[in-house]
Amino acid sequence: MSQDGSGAAFERLLAIMDRLRSPGGCAWDGRQSHSSLVKHLIEESYEVVEAVEAPGGPEAHRDELVEELGDVLLQVVFHARIAQERSAQQGGFDIDDVVAGISEKLVRRHPEVFADAQRAEASDDAALHARWEELKRAEKPQRTGPFDGVPPGLPALQRTEKILSKARRHGLEPQSPSEPDEDRPRTQEQLGQALFELVRQASSDGLDAERALREHSARWVRQRDPARLPQD
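Under UniProt numbering, the first residue of the sequence shown is numbered 1, with each subsequent residue one higher.
Structure (structure tokens):
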């Protein structure tokens, strides 16, 4: 689809949402708020993941992926339309602000692509990642601790992975417990089996695996940076 075509399709989506939120539109849509939509955004995001990871991959599930990505896009448009109903002084914004914001961020964080030819530099992945992190720190100077920026609402396993990734970059990664190499999972399948067995045992013993990992990760972070990550 051409840029003109995609632009027209997007404008149609905005017009539909505007009608749904306007007087005489959909009563349910008109009642929604940022808070009430959170659960729908989470659900739709997981359905995108399901379409991507389905047997055969996304190529075999083209229609499902198109539909689920559309549902996520709807959530973005929905939130922007709700915010548009407030003044800027009340924290309002519109879809143009959202699009402009992410466009500017992408350009700002990719100087090796968008800089003048004289300034652009060829870099390896490590250098690009270091530059990305440097630019993020410049954008958000309030993030001074090693674990700042880890969303507290992430699922426990994903949150722990982010915590460990940040710990690794700051030289804080914990030592692995000593165990025979042959007992360690080496593949995705083996790791999945090991995690499944841990969760099975926890469930059999009446333990909450999600909560256990979340609380342990939070304790580990507080020991290294007490003031930063919200306590659970």
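Backbone N, C-alpha and C define an ideal beta-carbon position, used for all residues, glycine too.
**Asked** Any idea what DSSP makes of residue 165, helix, strand or coil?
**Response** Against the sequence shown, residue 165 aligns to sequence position 165. Helix, per DSSP.
**Request:** Under 6 angstroms Cβ to Cβ from residue 36, same chain only, skipping five residues before and after it: list those, please.
**Result:** Residue mapping note: residue 36 aligns to position 36 of the sequence shown, counting from 1. Within the same chain, no Cβ atom closer than 6 angstroms to the Cβ of residue 36 is found once the five residues on either side in sequence are excluded.
**Request:** Output the boundary residues of the alpha helix (DSSP H) element that contains residue 241.
**Result:** Because the chain in this structure spans residues 1 to 232, residue 241 falls outside the shown range and cannot be described.
**Request:** Count the other C-beta atoms from every protein chain shown that fall within 10 angstroms of the C-beta of residue 50, then say buried if there are 16 or more, exposed otherwise.
**Result:** Sequence index remark: in the sequence shown, residue 50 carries index 50 (1-based). Under the 10 Å beta carbon count, residue 50 is surrounded by fewer than 16 other beta carbons and is classified as exposed.
**Message:** Distance check for residue 97 and residue 89, CA to CA, integer angstroms please.
**Reply:** Within the sequence shown, residue 89 is the residue found at index 89, counting from 1. Within the sequence shown, residue 97 is the residue found at index 97, counting from 1. Residue 89 and residue 97 have their C-alpha atoms spaced approximately 14 angstroms apart.
**Message:** Quick check on this structure: which residue in 28, 161, 77 has the alpha carbon closest to the alpha carbon of residue 10?
**Reply:** Working through the sequence shown from its first residue, we reach residue 10 at position 10. Nearest in C-alpha terms to residue 10, of all of 28, 161, 77, is 77.
**Request:** Would you be able to state if there are at least three C-beta pairs under 8 angstroms between the segment 11-29 and the segment 68-86?
**Result:** The segment 68-86 makes contact with the segment 11-29, as at least three CB pairs between them are under 8 angstroms.
**Message:** Is the separation between the beta-carbon of residue 152 and that of residue 170 shorter than 8 angstroms?
**Reply:** The sequence position of residue 152 within the sequence shown is 152, counting from 1. The sequence position of residue 170 within the sequence shown is 170, counting from 1. A distance of 8 angstroms or more separates the beta carbons of residue 152 and residue 170.
**Asked** From residue 263 to residue 159, what distance separates their C-alpha atoms?
**Response** The requested residue 263 does not occur in the structure, where the chain is confined to residues 1 to 232.
**Request:** State yes or no: is the C-beta of residue 69 within less than 8 angstroms of the C-beta of residue 109?
**Result:** Mapped onto the sequence shown, residue 69 falls at position 69. Mapped onto the sequence shown, residue 109 falls at position 109. The answer is no: Cβ separation not under 8 angstroms.
**Asked** alpha helix (DSSP H) containing residue 150: first to last residue?
**Response** Against the sequence shown, residue 150 aligns to sequence position 150. No alpha helix (DSSP H) holds residue 150; DSSP gives it neither H nor E.
**Asked** Could you give the distance in angstroms between the alpha-carbon of residue 41 and the alpha-carbon of residue 72?
**Response** Start at 1 with the first residue of the sequence shown, and residue 41 comes out as number 41. Start at 1 with the first residue of the sequence shown, and residue 72 comes out as number 72. Taking C-alpha positions only, residue 41 is separated from residue 72 by approximately 7 angstroms.
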